[in-house]
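As structure tokens, the structure follows; a few thoughts come after it.
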Ligand code: DSN
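In the working numbering, the protein residues as written are 875 to 1367.
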């Protein structure tokens, strides 16, 4: 009996056509089992876990085997600070081709005039964008005077003055409890330390963005940067309105589409819901709804292209050419009618899931969704998001706890659960399955109670108890559903 995954595959498929990508994938796993078992073991376990659990984390997906295979090669060994054909290192001709392919792929996919594909993550992309705006959009005569000098020509006092003036610029983004990201000015994040961060929130009654209120705050605060984007807002943004507000107060409109890039690429968000014609700069991740490798991306209008391209080395460490190659593949994969169908189904599925949850008596923030995510408010069940998350994980449903608007439980315990449909839609599930999953989530949550804190004897915010029979019943349902929608079926051996 062999331990080789590849041998098993070849044996099982003897006499049948064999897939090269599967052979390559299994050969890598076999090699790692021999040479680095300490990594192969958790890697193989991750494969097993991702296959046997319902992945409902709104920021996760499953990339193609081609995207994954493109990252395991010697491109990782090349330094290439700078940008294509303008590098701080010699010998970058091949990397230039790889990066140019990714840049052109991103431009074609989003209809953008400029793309920068080096950010390692969405947070890094935001940092590059902030820095580019701070240095390019000069709002103050003293910054202009000092900024004209080369940094080395500044005296220490002038350098410090410039630094303080830059840090004093105002940035307006969506508050964390309303669905904004940590990098959108959350006080513990560097974004709130490198600028004066102020925030707008959703309407307390509807949970929706209130453009009149955003305009009022913008007029009062006169931000240099107005940020539109979210990590946990279940609705769409009108970018025409956001641009109007930005123009009125002289702000740069920055869109963070990390969560919904796949819905823009897949042409679900069109017209005023498509940020590309309206935002001066757009940042993104490439691994959420866009379904590429883990990484970041920036699109921008021509006036910002020169400063954005200086992201590395001014803000970022060395680019990752192996990941950039995988991004190029993902951009091509997303520029297809199949991907557009996929993106449409992601939203249809999210709506079906929200409907099912509401029918089962679960409170859904904004009473529904029109993107890829659904935000649940568990406060009416008497449990925190942390307790709800733990209970669902025990039933093999992987979600994450999340703040709801004006959450009284804070960012650690939270009152909410965020659920996304991007990954399960990649596995092929549709409305019927969402209806069933909504029922399971509801059954688990309705049958979970907060436990008692052993120290204080009071109701715990961290520990709950779920009826074990319900957990068993749901686990069986999940296992049987996942058998019908295998992950990477070609890797079943
Ligand atoms: N951590 C990502 C998310 O889950 O939304 C954003 O950075």
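In this text, a Cβ means the ideal position worked out from N, Cα and C, and glycines have one as well. What you are looking at is a predicted structure, and each value in this text was computed from that prediction instead of being measured.
**Message:** Please tell me whether, using a cut-off of 7 Å, the distance from the CB of residue 1073 to the nearest non-hydrogen atom of the ligand FAD is below it.
**Reply:** The ligand FAD is absent from the structure shown, which contains only the ligand DSN.
**Nearest-residue set for the ligand DSN, Cβ under 5 Å from any heavy atom** = 933, 1105
**Prompt:** Alpha carbon to alpha carbon, what distance is there between residue 974 and residue 1277?
**Reply:** Here the question's residue 1277 lines up with position 403 in the chain shown. Here the question's residue 974 lines up with position 100 in the chain shown. Approximately 40 Å, taken between the alpha carbons.
**Message:** Less than 8 Å between the beta carbons of residue 851 and residue 1205, yes or no?
**Reply:** Outside the shown range of the chain (875 to 1367) lies residue 851, about which nothing can therefore be said.
**Request:** Run through the region 990 to 1029 for me and flag every whole alpha helix (DSSP H) of 4 or more residues, listed as ranges in chain order.
**Result:** 996 to 1010, 1015 to 1022
**Prompt:** Considering only C-alpha positions, which residue in the set 1011, 877, 1137 is nearest to residue 1212?
**Reply:** Looking up residue 1212 in the chain shown gives position 338. Checked all of 1011, 877, 1137; the closest Cα to residue 1212 is 1137.
**Prompt:** Is the shortest distance between the beta-carbon of residue 986 and the beta-carbons of chain C less than 8 Å?
**Reply:** Of the protein chains in this structure there is only one, and it is not chain C.
**Assigned exposure category for residue 936 - 16 Cβ within 10 Å defines buried** = Position 62 of the chain shown, counted from the first residue, corresponds to residue 936. So residue 936 ends up on the buried side.
**Request:** Determine the direct distance from the alpha carbon of residue 1028 to that of residue 930, and round the result to whole angstroms.
**Result:** Within the chain shown, the letter at position 56 stands for residue 930. Within the chain shown, the letter at position 154 stands for residue 1028. Approximately 52 Å, taken between the alpha carbons.
**Message:** Just to confirm the assignment, what range does the beta strand (DSSP E) spanning residue 1334 have?
**Reply:** Mapped onto the chain shown, residue 1334 falls at position 460. Here the beta strand (DSSP E) through residue 1334 covers 1333 to 1340.
**Asked** With distances taken between CB atoms, is the gap from residue 1202 to residue 983 smaller than 8 Å?
**Response** Taking the chain shown and counting its residues from 1, the one referred to as residue 1202 is at position 328. Taking the chain shown and counting its residues from 1, the one referred to as residue 983 is at position 109. Cβ distance not < 8 Å, so residue 1202 and residue 983 don't count as in contact.
**Prompt:** Got a sec? Which residues, its chain only, sit under 8 Å from residue 995 by beta carbon, not counting five neighbours each side?
**Reply:** Reading the chain shown from its first residue, position 121 is the one you call residue 995. The answer, listed in chain order, is 1159, 1168, 1169, 1170.
**Backbone CA spacing between residue 1060 and residue 1071 [nearest angstrom]** = For the purposes of this step, residue 1060 is identified with residue 186 of the chain shown, where counting begins at 1. For the purposes of this step, residue 1071 is identified with residue 197 of the chain shown, where counting begins at 1. In a straight line, the C-alpha of residue 1060 is about 8 Å away from that of residue 1071.
**Request:** Name the one or two DSSP bridge partners that residue 859 has.
**Result:** This structure cannot settle anything about residue 859, because the visible part of the chain is limited to 875 through 1367.
**Item:** Residues near residue 933 by beta carbon distance below 6 Å, same chain, minus five either side
**Value:** Sequence index remark: in the chain shown, residue 933 carries index 59 (1-based). Result list for residue 933: 1162, in chain order.
**Asked** Between the C-alpha atoms of residue 1031 and residue 1037, what's the straight-line distance to the nearest angstrom?
**Response** Position 157 of the chain shown, counted from the start, is the residue given in the question as residue 1031. Position 163 of the chain shown, counted from the start, is the residue given in the question as residue 1037. Going by the C-alpha atoms only, they are around 10 Å apart.
**Message:** Please report the distance separating the alpha-carbon of residue 828 from that of residue 1053.
**Reply:** Because the chain spans 875 through 1367 in this model, residue 828 falls outside it and cannot be assessed.
**Prompt:** Could you give the residue range of the beta strand (DSSP E) that holds residue 1276?
**Reply:** As a position in the chain shown, residue 1276 is number 402, starting the count at 1. Element bounds for residue 1276: 1274 to 1276.
**Request:** Could you spell out where the beta strand (DSSP E) holding residue 910 opens and where it closes?
**Result:** Stepping through the chain shown from its first residue, residue 910 is reached at position 36. Premise fails: residue 910 is in no beta strand (DSSP E) and is neither H nor E.
**Request:** Could you tell me the boundaries of the beta strand (DSSP E) in which residue 1045 lies?
**Result:** Against the chain shown, residue 1045 aligns to sequence position 171. Note, residue 1045: beta strand (DSSP E), 1044 to 1048.
**Item:** residue 1096 and residue 1123 closer than 8 Å at C-beta
**Value:** As a first step, residue 1096 is located in the chain shown; it is residue number 222 there, counting from the start. As a first step, residue 1123 is located in the chain shown; it is residue number 249 there, counting from the start. The answer is yes: Cβ separation under 8 Å.
**Request:** Could you pull the start and end residues of the alpha helix (DSSP H) that residue 1152 belongs to?
**Result:** Position 278 of the chain shown, counting from 1, holds the residue named residue 1152. No alpha helix (DSSP H) contains residue 1152, which DSSP labels as neither H nor E.
**Request:** Pick helix, strand or coil for residue 1287, following the three-state DSSP scheme.
**Result:** One-based indexing of the chain shown puts residue 1287 at position 413. In the structure shown, residue 1287 sits in a helix (DSSP, three-state: H, G or I).
**Request:** Quick one: grab the DSSP three-state call for residue 1127.
**Result:** Within the chain shown, the letter at position 253 stands for residue 1127. Residue 1127 falls in the strand class under three-state DSSP.
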